[in-house]
Amino acid sequence: MKVNHTTAKRIFAGTMVLGLGALGLTACSGDSTGDGSSSGGDVTMSLWQNSTTGPGQAFWEKTVADFETDNPGVTIKVQSIQNEDLDGKLQTALNSGDAPDIFLQRGGGKMAAMVAAGQLMDLTGGISDQVKEEIPEGSFIANTLDDKVYAMPVAVLPGGIFYSQDLFTAAGITETPTTIDELEADAAKLKTTGVAPIALGAKDAWPAAHWFYFFALRECSPAVLAEAADTKDFSDDCWIKAGEDLQSFADTEPFNDGFLTTAAQQGAGSSAGLVANHQAAMELMGAWNPGVIASLTPDTKPLADLAWFPFPEVSGGDGKPGSILGGVDGYSCSVSAPPECVDFLNYIGSADVQKEYYAAFNAPPVNTVAQEAVTEPYLKQIIEAYNKAPYVSQWLDTVYGQNVGNALNVGVVDLLAGKGSPELLIQAVNDAAKKA
Amino acid sequence: MSVRENTSTRLEVDLASGGNSGVTPGFPPVRRPRRVNWGARLEIAVLVGPALIVFLGFVIFPVVMAAYYGFFSWQGYGPPTDFVGFRNYITIIQDPTFQEALTHNGIIVVLSLVLQGPVAILLALLLNRKLRGQSLIRVLIFVPYVISEVVVGTGWSLMLQTNGAVNGLLEKVGLGAFTQDWLSNPDIAIWTLMVIITWKYVGFAVILFLAGLQGIPEELPEAAAIDGASFWQIQRHITLPLLAPTLRIWAFLSIIGALQLFDLVYIIWGQYIASTAGTSTMATYLVTNGRNAGNYGYGNAVAVVLFLISLIVALIYQRYVLRRDTEGAITGKGKSR
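From first to last, the protein sequence lines are chains A and B. Just so you know, we're using our numbering here: the first sequence kicks off at 1268 and counts up by one. Just so you know, we're using our numbering here: the second sequence kicks off at 409 and counts up by one.
See below:
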């Protein structure tokens, strides 16, 4: 009996020691993360970005290393997160109060939700004069809410159709299409040459939804689009019309075989990979696409015959011809980030870093001084189309926030798969409001 | 004489080991159990405590919190404040997308049993006999179960893509007519999923059944064989009935696994298109409409529904099917009386 008793005692004591040890460990780790608020001493910040391969990832490593050299005592830990995982992971981190200090910001309704929850640092007073001079005010609009700036823009990324000039030539297409009818005719020509006319990464849903968004931009007036952002009311006829446009376009089967299970950016079988390897001629995508395509070509160099044209016009719509959809990618500081975070954002907005950004991502930088370094004709075209567009809207899933955006994305995939109708798409969006 | 001596010695020894010196010999039975209980209780507390804390903290507490959050319209930012009563639950039940997901779960439950059961029994019977390369075959059958779901999902989804290896192979061997959109055709996708699930989990069933077969005494089939029973008669009337407890446990694990299926579907069909392809499950519905949509209150309500469905199925199964195997446990009380 005695033996038993002491054994129990020992076990109990052992458990206590273990427990205390665990407490001690958590106490230690608590200390090391708590050094954020003070400046002057050593500062460690975390950075979440969505480049997982090649020059994009190298850009962030170099930029951070350069910044650390200029600012002794500052350490930035870069974490690469695959684009499709970023939004979900970020929201979880924000909700759990364990947000990264610096992170990719897409703006719109998602940013508004973060601001409403008091999770973003107000950058309004912190942006340097130099940056303000070189980055046009318009580029800050996407990241501004109630006259307060919440993110540093790094790139303007309007959408349009990227295509392979060689494949167009092989199909006997000499001029890029300006209307949907012409696009359908060109797609038919391309099909006869044995390539997929248009690559679509519908597995990730948003690339499919981009088609619907552009049709909505052509069919709906700017007022209707803006009103929907406030009221989440999609009862205007133009939304149904946009769905019908997309359905009749999809009926001509312009997309690659198996587009429903094609990813957007991962691997040679993805939609960007199909364009990179001359398996598909076109892809509707934002201006980040050249960089993604470059990372998926056989020699991981930019695609030599890549070119661009704006989304074709739709006759009879309420949208202003030439209107363009596009995001502005920016970077935000979490509300609990140290003040050095703002210094870093000013640094990535500077002309030199912006030039490197352009070189790494093959995407139009937001800094006007850096824009002068752009040489690719398609990027110049994109910047030009963007600058002269009579109306610019962000991607609608970003504008309408996570809930409605998610429902729109899923609804469009159903529509393309032949499982839905324009009416059901709008119905799904209205139903989503009930789940909020 | 010798008997008496022996008894008294034993009593002394008992007293010494109990450490109760100075206690009247007439009373030890009363005091001793108390001391024993105290030590035993502490021991139980120390041994069970950590597991209990983990169980309460990581199973019961989240379930209670999910039930609480399920009554709110909550986007996950800050504490929930917008109480909506049963609105989330009503929306779930009325949502055709959820009904579809539930149907898919039902199909997967039934097909898992129907496809894996017979195949696994045949394989187990085969592997239970002496044959050449037995261990190699066992390993080959069990390997898919050990491979991570992510690897399996990624591998199969690459092979089954429209331009993937499977269709390529079919074309090369002259069966081009059989090429399909294995993953994206809603009429086929769920069958594709079933093939992958069967391939992945049949090994687990085989191992369970083999273990069950080991427990069947050799004398029974031998005696039956001497009495002139054929191989199939022996399997039908001796092996299968004796294997029944293992079969029932396997079916239970299979049903619960099928109800909660998430990882394979999520890896192969991604965040969005499972419902379009007709392979969505309650768990993927939860992630799509809860986490991806940012409706955390709604997502928690879905989690509660999923939990309740699994719980009810599990309890019914325990009460009516596992009753014989869990004699004396809570659900088997009626019978043991």
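Ideal Cβ positions, reconstructed from N, Cα and C, are used throughout, including at glycine.
- Listed along chain A, the residues sitting closer than 8 Å to B:P594 by beta-carbon distance are A1684 and K1686.
- Among the CB atoms of chain A, one or more fall inside 7 Å of the CB of B:D589.
- The C-alpha of B:I604 is placed about 13 Å away from the C-alpha of B:I555.
- Rounded to the nearest whole angstrom, the CA to CA distance from A:H1545 to A:A1554 is 19 Å.
- Of all residues in the segment 669-684 of chain B, the ones placed with a Cβ closer than 9 Å to any Cβ belonging to chain A are I676, W677, G678, Q679, Y680, I681, S683 and T684, in chain order.
- If you check each beta-carbon in the segment 1467-1500 of chain A against every beta-carbon of chain B, the ones closer than 8 Å belong to A1469, K1470, D1471 and A1472.
- Between the C-alpha atoms of A:T1528 and A:P1489 there is a straight-line separation of about 33 Å.
- Across the segment 695-709 of chain B, CB contacts with chain A closer than 8 Å involve T696, N697, R699, N700, A701, G702, N703, Y704 and Y706, in sequence order along the chain.
- Annotation: Cβ neighbours of B:Q569 in chain A (cutoff 7 Å, chain order): G1525, T1528 and G1536.
- Shown here for B:A475: same chain residues with a beta carbon closer than 7 Å to its own, the five before and five after excluded, namely V712 in chain order.
- Excluding five sequence positions before and after A:P1569, the CB atoms of its chain that fall closer than 7 Å to its own CB belong to P1557, A1561 and N1629, given in chain order.
- By a beta-carbon distance limit of 8 Å, B:A528 contacts B:F617. Their separation comes to about 6 Å.
- Among the bridge pairs identified by DSSP, A:C1600 is matched with A:I1369.
- Counted as a single uninterrupted DSSP element, the alpha helix (DSSP H) harbouring A:G1405 occupies residues E1404 to I1408.
- In the three-state reduction of the DSSP assignment, A:L1387 falls in the strand class, which pools E and B.
- Near chain A, meaning a CB-to-CB distance below 7 Å, the residues of the segment 477-497 of chain B are S481, Q483, G484, Y485 and G486.
- A contact between stretches requires three or more CB pairs, one per stretch, nearer than 8 Å, and the segment 1389-1398 of chain A fails this requirement with the segment 1582-1593 of chain A.
- B:T562 has a beta carbon lying at 7 Å or more from every beta carbon in chain A.
- With fewer than 16 other CB atoms across the displayed protein chains lying within 10 angstroms of its CB, B:W640 is exposed.
- Buried is the label assigned to A:S1660, since at least 16 other Cβ atoms lie within 10 Å of its Cβ.
- Under the three-state reduction of DSSP, B:G447 is assigned to helix.
- Annotation for A:G1553: the continuous beta strand (DSSP E) segment containing it runs A1547 to G1553.
- The contact set of B:T687 on chain A, defined by CB atoms closer than 8 Å, is empty, because the minimum CB distance reaches about 11 Å.
- No Cβ of chain B is located within less than 7 Å of the beta carbon of A:A1543.
- The alpha-carbon separation between B:Y704 and B:L583 amounts to approximately 48 Å.
- Using beta-carbon distances, B:T654 does not count as an interface residue toward chain A, since no partner is under 7 Å.
- Judged by beta-carbon spacing, B:S688 lies within the 7 Å limit of B:H512, meaning their Cβ atoms are closer than that value.
- Distances from the CA of A:P1521 to each of A:A1452, A:C1505, A:L1663 and A:A1531 were compared; the closest alpha carbon is that of A:A1452.
- Using a CB distance cut-off of 7 Å, A:K1701 counts as an interface residue toward chain B.
- Within the segment 606-686 of chain B, the alpha helix (DSSP H) runs of at least 4 residues that lie entirely inside it are, in chain order, 627-634, 639-642, 648-667, 671-677 and 682-685.
- Just so you know, the alpha carbons of A:V1666 and B:W564 end up roughly 36 Å apart.
- When secondary structure is reduced to three states using DSSP, A:D1413 falls in the coil class, being assigned neither helix nor strand.
- Interface with chain B (7 Å Cβ-Cβ cutoff): A:V1680 is included.
- Taking 7 Å as the CB threshold, A:G1355 lines the interface with chain B.
- At the C-beta level, A:V1423 and A:I1615 stay beyond 7 Å of one another.
- Residue environment: B:G678 is assigned as buried (16 or more neighbouring CB atoms within 10 Å of its CB, all protein chains considered).
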